[in-house]
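Notes follow the structure.
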Amino acid sequence: MAENFPKAVRAEQGAHVLKVYFADGSVRYLLDHTAKADQDFWTKKGGMTIKNALATRNGWWAWMGNEITVNADGAIVVNGRDVYPPAEIAANSRETVAGLYHQRS
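Number 61 in my numbering belongs to position 58 of the sequence shown; there are no gaps in the numbering.
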């Protein structure tokens, strides 16, 4: 039996946050996948110097100018490869941006 998740119809990218618009008119916020990657990157054991960190980033983290599409099923795809399925959007999105950061440990 398939679960019924709210359907995303549009999304906008901010710094580590997706603003998701749903078919029912609601708007929710979702941390993007780079937020966790950044947290892990900067907190590696042994530390990471700023010089080494900047040298290894190669710009993959940039959020301005991303191409965002929404599939017919409501899945959000960023830059053709970073997929947010409806189940993930429903489970991890919050009504406010502040709510995103209160959920993190």
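Quick reminder that beta carbons are idealized off the backbone N, C-alpha and C, glycines included.
In the structure shown, THR37 falls within a helical segment according to DSSP collapsed to helix, strand and coil. Under the three-state reduction of DSSP output, GLU15 falls in the strand class. The criterion of a C-beta distance shorter than 9 angstroms is satisfied by ILE92 and ILE79.
Taken atom to atom, the span from the alpha-carbon of VAL100 to that of SER29 is near 14 angstroms.
DSSP places ASP85 inside the beta strand (DSSP E), whose first and last residues are 85 to 87.
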